[in-house]
Structures are given as C-alpha cells and as structure tokens.
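Heads up: the structure comes next, in structure tokens.
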Amino acid sequence: MLKDITLGQYFPGNTIVHRLDPRTKLLMTLLYIVALFLCKWFVSYGLMLVFLITAVALSRIRPKALFKGLKPLLVIIVFTAVINLFYTDGRVLAEFWIFKITVEGIQNAFFLVLRIMLLVMGTFLLTYTTSPIALTDGLESLLSPLKKIHFPVHELAMMMSIALRFIPTLIEETDKIISAQKARGADFETGNIFRRAKALIPILVPLFVSAFRRADELATAMECRCYHGGEGRTKLKQLHYHTRDVLCLLLGLALLAGVIVLRHFTL
Amino acid sequence: MGNAISVQDLHFSYPPQNGGAPYPVFDGLDVNIEEGSFVAVLGHNGSGKSTLAKHCNAILLPEGGSVQVFGMDTADEAQLLEIRRTVGMVFQNPDNQMVANVVEEDVAFAPENLGVPSEEIRKRVDDALKTVGMYDYRSHAPHLLSGGQKQRIAIAGVIAMQPRCIVLDEPTAMLDPHGREDVIRTIETLNRENGITVVLITHHMTEAIRADRVIVMQEGRILTDGTPKEVFTQVELLRSAGLEVPATTQIIYELNKAGLSLPLDALSTEECAHVLYETLKT
Chain A
9 MLKDITLGQY
19 FPGNTIVHRL
29 DPRTKLLMTL
39 LYIVALFLCK
49 WFVSYGLMLV
59 FLITAVALSR
69 IRPKALFKGL
79 KPLLVIIVFT
89 AVINLFYTDG
99 RVLAEFWIFK
109 ITVEGIQNAF
119 FLVLRIMLLV
129 MGTFLLTYTT
139 SPIALTDGLE
149 SLLSPLKKIH
159 FPVHELAMMM
169 SIALRFIPTL
179 IEETDKIISA
189 QKARGADFET
199 GNIFRRAKAL
209 IPILVPLFVS
219 AFRRADELAT
229 AMECRCYHGG
239 EGRTKLKQLH
249 YHTRDVLCLL
259 LGLALLAGVI
269 VLRHFTL
Chain B
0 MGNAISVQDL
10 HFSYPPQNGG
20 APYPVFDGLD
30 VNIEEGSFVA
40 VLGHNGSGKS
50 TLAKHCNAIL
60 LPEGGSVQVF
70 GMDTADEAQL
80 LEIRRTVGMV
90 FQNPDNQMVA
100 NVVEEDVAFA
110 PENLGVPSEE
120 IRKRVDDALK
130 TVGMYDYRSH
140 APHLLSGGQK
150 QRIAIAGVIA
160 MQPRCIVLDE
170 PTAMLDPHGR
180 EDVIRTIETL
190 NRENGITVVL
200 ITHHMTEAIR
210 ADRVIVMQEG
220 RILTDGTPKE
230 VFTQVELLRS
240 AGLEVPATTQ
250 IIYELNKAGL
260 SLPLDALSTE
270 ECAHVLYETL
280 KT
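Order-wise, the sequence lines are chains A and B. The working numbering puts the first sequence at residues 9 to 275. The working numbering puts the second sequence at residues 0 to 281.
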C-alpha cells in the first residue's frame with residue numbers, strides 16, 4: 009500500500025524538456041502558475057492549454073500519467089465545480105428547490121476546473137521530467153542570493169535531498185515493522201477511526217527510534233567523508249544555462265505578457 | 000615503511016549514562032599499524048574495537064595519550080579535514096552512510112566536500128567505481144542494489160577521497176555470503192594493488208585469515224597480535240576470550256586432541272584439505 013506514493017516521481021528521459029536546466033524549469037513553472045491565475049476567458053486559457061500540450065508532447069510523457077496525478081484531486085475538483093455552479097449570482101438559467109443555476113455559475117465552474125487541472129498537470133510535468141537531485145540543485149542555486157541575509161540555503165537543499173534519499177528506505181522499514189507487529193497479533197484493519205489511529209502507535213514508535221539511530225549514523229558517516237557545511241563545496245554536475253534555456257524563459261515571459269494583455273478583452 | 004596509525008598510551012571512557020559511572024574502554028592502549036599492511040581486528044562485542052576505529056579519524060578524541068595518523072595528531076583541529084581525507088571509514092550498515100539517491104552522486108559526495116574541481120571529481124568518481132567493479136551501476140538508485148553492492152558503493156565513496164588508509168568497521172556483518180566475498184575481494188585489491196593500508200574490524204574468522212596481521216582485543220586490551228597463523232594456533236586462548244577459531248583450525252585441533260599430530264597452522268581450506276588428504280593416504 010505504501011508503494012503507491014508518487015511523491016517526487018521522475019520518469020527518466022532525454023528529451024529537450026528533460027535536458028532544460030532545472031532552474032529554467034522551476035522559473036517556467038512559476039511563470040506558468042502566475043499566468044494561469046491571471047487568465048480570463050477562453051483565448052487565454054486556450055493559450056495555456058496549447059502551451060501545456062506542446063510541453064507534454066515534447067517531453068514524451070504519456071498523458072495517461074498526468075491524468076493519473078489528477079485522480080487524488082478528483083474530490084476537490086468536483087467540489088469546487090459544484091460550489092461554483094450553484095452559488096454564483098447572475099442570470100438564472102434553471103431553478104429547482106433551493107438551487108439556482110446561472111450562466112455565470114457555469115462559466116466560473118468551467119474555468120475553475122480548467123485552472124486546477126492545468127495547474128496540477130503543469131507542476132506534475134516539472135517533477136516528472138526533473139530528477140529530485142536536479143530539482144534540489146536548481147532550488148539551491150535559485151535561492152542562493154538569500155545567503156546574504158543568512159538564510160540557510162545549502163542546509164535546506166541538503167535536508168531535502170537526504171529526505172528524498174531516505175523515503176524508499178523508510179517505506180521499506182515501515183512495511184517491515186507492520187509485518188512484525190501483525191505477526192505479534194496487532195490489528196490494523198478493524199474498528200473505528202480512533203481505534204485504527206491508536207493502532208498506529210506501535211508502528212510509529214519503532215519507526216521514529218530507528219530513524220533517529222539512522223540519522224546519528226548518517227551524521228557520523230558524513231563527517232567521515234569530510235562534510236563541513238556548504239562552504240567551499242564543489243559539485244559533480246554543475247548547472248549551466250544554454251541557449252535553449254534563454255529561449256524557453258523568453259517564451260514563458262511572452263506567455264505571461266500575452267495573458268495579461270488578453271485580460272482586457274472579453275474573448 | 001613508517002606507521003600509518005600509531006596509538007600511544009590511549010585512555011578513553013564513554014560518558015556516564017543515566018547517572019552511572021563513566022564506562023571505561025581503554026586504559027593505556029598501545030598499537031601501531033604499519034603503512035601498506037592489511038590488519039584484521041577481532042574481538043567480542045564491547046572489546047573496544049569500534050571505539051578504536053573511531054579514534055583513527057578523529058570522530059572520537061583520546062582522553063589521555065595520543066593517536067597519530069601519518070604523523071598528524073588527531074587532536075589537532077587544524078588538520079581535521081586532512082586527517083579524515085587520509086583515513087577513510089566504512090561502517091556496518093550501507094544504508095546509513097549513503098547521502099544521495101544516485102550512485103555516482105553519492106560517490107562524489109566526499110570530493111565535493113573537499114572542494115575538488117568538477118572535472119577532477121568526474122574522473123575520481125569513475126575511477127573509484129571501476130576499482131570496486133560498480134561502474135555499470137553509476138546512474139542507479141542505491142536502494143535498488145543488494146547489500147554487497149551498496150557496501151562496495153560506500154567503499155568507492157571513501158576511495159574517491161584518495162585516502163592512504165581505510166578503516167572498515169564490520170563492513171560485512173549485514174551481508175549474505177556472496178556479498179561478503181565481493182566486499183572482501185574489493186578490500187584485498189585495494190590493499191595489494193593500490194597500496195592502501197587496510198584495517199578490517201570483523202566477526203568472521205574466514206575474513207581475518209586473509210589479512211597480513213591479526214589483532215585480537217579483549218576488554219580494551221590487546222589479547223594477542225601476530226600473523227594469522229601465529230594467532231589462530233592459540234586455540235585455548237581464543238576460546239577463553241569467547242571467540243571462535245576458523246573451521247579449518249577447529250577440525251585439526253579436534254583431530255589432534257583425538258591423537259593425531261597435524262600442523263595447526265593449515266589455515267586456508269586448500270591447505271587444510273591437503274593436510275587431511277596426506278594423513279588419510281598414509
């Protein structure tokens with residue numbers, strides 16, 4: 009059951025989208041999100057849709073994988089759609105009991121659903137095409153100006169990459185503990201929600217104890233390998249901006265500008 | 000050749016836990032490890048062998064006496080990085096010493112910390128991975144590898160620092176026999192071909208046989224010290240320390256007790272088989 013977690017899932021590949029600098033992809037995602045929230049009416053949403061479809065096609069990620077990412081959000085999407093459908097004032101189209109459906113309601117619901125879907129799929133495209141290490145490297149590099157105000161950028165990136173490194177190890181360990189507790193007669197499947205929550209304690213306690221022990225050993229091993237903070241550290245893979253990165257960012261800015269201009273037209 | 004590690008009159012005790020008395024480990028330990036040698040350290044749990052290992056690269060500092068590695072005093076904080084670069088350390092659990100989720104990134108961790116330029120890191124990582132025979136796995140995720148493979152990655156991560164000595168603290172304790180053999184062979188190659196001094200702390204007698212020198216520890220003192228043949232022929236002494244002897248020695252020792260007189264120092268399986276064969280023939 010724990011194997012289903014898709015956090016930070018990455019599909020290796022060698023397409024132009026994969027090869028873009030992680031910083032470019034992070035900035036593009038940011039521009040994309042901002043543009044998405046400034047969208048109004050059909051043409052600008054259409055523009056965003058065309059952009060996303062092009063990016064997905066170039067990355068050769070199967071659209072199925074992107075839709076799979078939407079699944080856990082289905083409830084939220086349906087909920088927002090329904091709320092918007094019934095609770096927007098405007099020209100009444102149909103009315104029954106206490107519900108009113110308005111033209112504006114339909115519009116709002118449609119755009120909001122579209123916005124959420126585009127948002128989720130866009131960010132998923134980032135994690136699908138960028139390895140977690142590249143992502144943390146990119147983040148460290150983008151945030152590095154904050155070092156001037158003593159923000160612990162390197163430490164944050166290091167913590168993120170170690171956390172990502174230990175996710176599979178800890179999942180494996182949790183599975184082992186669950187089996188061990190089941191073999192001792194622990195019951196995780198029956199009873200109400202409180203009983204089940206309480207049944208988690210014999211899993212969490214050993215998991216935490218072992219995580220602390222691991223952390224201690226890891227710290228010693230890191231010290232043995234001369235870790236002494238971010239100062240004077242070099243990188244195996246250094247990040248370089250290429251022409252394609254500049255072009256991509258220009259495209260992102262153009263997209264944002266286009267969306268802002270389109271706000272003034274009802275198209 | 001000079002000494003790689005030289006421990007003189009070492010005193011050390013662990014701080015008291017739960018208000019008890021401090022737990023003494025060493026009370027005047029002296030030991031020298033010659034440069035280029037392959038030394039196995041044996042001993043029961045609590046004999047102080049892991050504590051000794053941690054003194055070799057300044058993870059622990061002596062309370063009295065001194066530890067010198069290649070002429071550097073471990074208490075000298077100004078040389079801390081150089082000491083840790085010179086004496087690499089590999090631990091028991093491979094999972095708890097890996098930092099990155101790609102093999103080559105993990106091997107690159109130490110040179111990155113040392114501020115080695117990128118191209119040089121690339122070269123060192125490739126060389127280290129080839130030395131341990133894991134080059135083909137360079138872009139794999141460590142958690143998908145077997146225990147023996149992970150431990151070889153950990154060794155690669157240490158040799159990427161280009162150390163002159165490696166201390167391995169029970170590196171094979173969590174491995175299956177196959178992985179254990181791979182790791183020991185890698186260690187032997189490092190010693191014989193790359194001239195790296197190796198200190199191997201182990202529970203397995205079959206591994207200790209392959210060293211040049213065996214040190215047996217008990218309660219923070221050296222019980223006996225010598226070549227594998229010298230050490231393992233002292234069967235009674237080892238047993239009194241609660242240690243096993245190699246299966247080969249065991250067979251010959253029991254046969255001798257039953258009235259035969261075979262050489263006790265036939266340690267390797269081949270030697271032992273040969274001795275038995277000769278005896279059976281006559």
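Each residue gets a CB set at the ideal place from its N, CA and C atoms; glycine is no exception. All values derive from a computational prediction rather than experimental measurement.
Check	Outcome
Short of 8 Å Cβ to Cβ, which residues in the region 86-97 of chain B face chain A?	Gly87, Met88, Phe90, Asn92, Asp94, Asn95, Gln96, Met97
Taking Cβ to Cβ, would you say A/Met36 is nearer than 8 Å to A/Leu255?	no
Starting from B/Asn31, trace the alpha helix (DSSP H) both ways and give me its first and last residue.	Careful: B/Asn31 lies outside any alpha helix (DSSP H), inside the beta strand (DSSP E) at 22-33.
Under 8 Å Cβ to Cβ from B/Pro110, same chain only, skipping five residues before and after it: list those, please.	Glu119, Ile120, Arg123, Val124, Ala159, Met160
In this structure, does DSSP put A/Ile2 in helix, strand or coil?	Not covered by the structure: residue 2 of chain A. The range shown for chain A is 9 to 275.
With a cut-off of 8 Å, do at least 3 Cβ pairs link the region 80-99 of chain A to the region 159-168 of chain A?	no
Taking the beta carbon of B/Asp175 as the centre, do at least 16 other beta carbons fall within 10 Å, making it buried, or is it exposed?	exposed
Could you name the residues of the region 119-151 of chain B whose beta carbon sits closer than 7 Å to any beta carbon of chain A, in the order they occur along the chain?	Ile120, Arg121, Val124, His142
Going by alpha carbons, who is nearest to B/Gly87 out of B/Asp75, B/Ala99, B/Ala57, B/Glu76?	B/Ala57
By DSSP's criteria, B/Thr223 is part of a beta bridge. Which residues make up the other side?	B/Val215
Below 6 Å CB to CB, which residues in the same chain sit around A/Leu151 once its five sequence neighbours on both sides are set aside?	Val161
For the beta strand (DSSP E) containing B/Tyr13, list its first residue and its last residue.	2-13
Measure from the C-beta of B/Phe11 to each C-beta in chain A and report whether the shortest distance is under 8 Å.	no
Find the nearest neighbour of B/Asn92 within the set B/Lys228, B/Arg151, B/Gly132, judged by alpha-carbon distance.	B/Arg151
Can you tell me whether A/Asp12 is buried or exposed, with buried defined as 16 or more other CB within 10 angstroms of its CB?	Low local confidence applies: a pLDDT of 48 at A/Asp12 is under 50, so the model's placement there is unreliable, and no value is given.
Fully enclosed by the region 59-109 of chain A, which alpha helix (DSSP H) runs are 4 residues long or longer?	71-78, 82-94
Note down, one range per segment and in chain order, each beta strand (DSSP E) of at least 3 residues found wholly within the region 163-194 of chain B.	164-168
Just the C-alpha distance for B/Ser12 and B/Gly219, rounded to the nearest angstrom, thanks.	10 Å
Can you tell me the Cβ-Cβ gap for B/Gln199 and B/Leu167, rounded? I've got them flagged as a contact below 8 Å.	Strictly speaking, residue 199 of chain B in this sequence is Leu, with Gln absent from that position. Confirmed, about 5 Å.
For B/Ile250, which residues of its own chain have a beta-carbon under 7 Å away from its beta-carbon, when the five flanking residues on both sides are left out?	Cys271
Quick one: which chain B residues come within Cβ less than 7 Å of A/Lys243?	Glu111, Ser117
Using C-beta distances below 8 Å, list every residue in its chain close to B/His203, excluding the 5 sequence neighbours before and after it, in chain order.	Thr171, Arg179
With C-beta atoms as the reference, is B/Leu41 less than 8 Å away from B/Val6?	no
Curious, which full-length alpha helix (DSSP H) runs of at least 4 residues does the region 111-160 of chain A contain?	111-137, 140-151
On the criterion of 16 or more Cβ atoms from any shown chain inside 10 Å, does A/Thr144 qualify as buried, or is it exposed?	buried
Is DSSP giving B/Pro262 helix, strand or coil here?	coil
Which residues, in order along the region 221-235 of chain A, keep a beta-carbon less than 9 Å from a beta-carbon of chain B?	Arg221, Arg222, Ala223, Asp224, Glu225, Leu226, Thr228, Ala229, Met230, Glu231, Cys232, Arg233, Cys234, Tyr235
Let me know the secondary structure DSSP gives B/Phe90 once reduced to three states.	coil
Please confirm whether A/Ile170 has its beta-carbon closer than 8 Å to some beta-carbon of chain B.	yes
Going by Cα to Cα distance, which pick from A/Leu134, A/Phe50, A/Met129 is closest to A/Lys79?	A/Met129
Would you identify the three-state DSSP class for B/Val98, choosing helix, strand or coil?	coil
Do we get a CB-CB distance below 8 Å when we pair A/Arg27 with the residues of chain B?	no
So, does the CB of B/Ala77 fall closer than 8 Å to a CB anywhere in chain A?	no
Would you list the residues sitting across from B/Asp72 in a DSSP beta bridge?	B/Gln67
Run through DSSP, which three-state label would B/Thr196 get?	strand
So which of B/Val89, B/Met173, B/Thr188, B/Ala77 has the shortest CA-CA distance to B/Gly131?	The sequence shown places Val at residue 131 of chain B, not Gly. Taking only the C-alpha atoms, the option nearest B/Val131 is B/Thr188.
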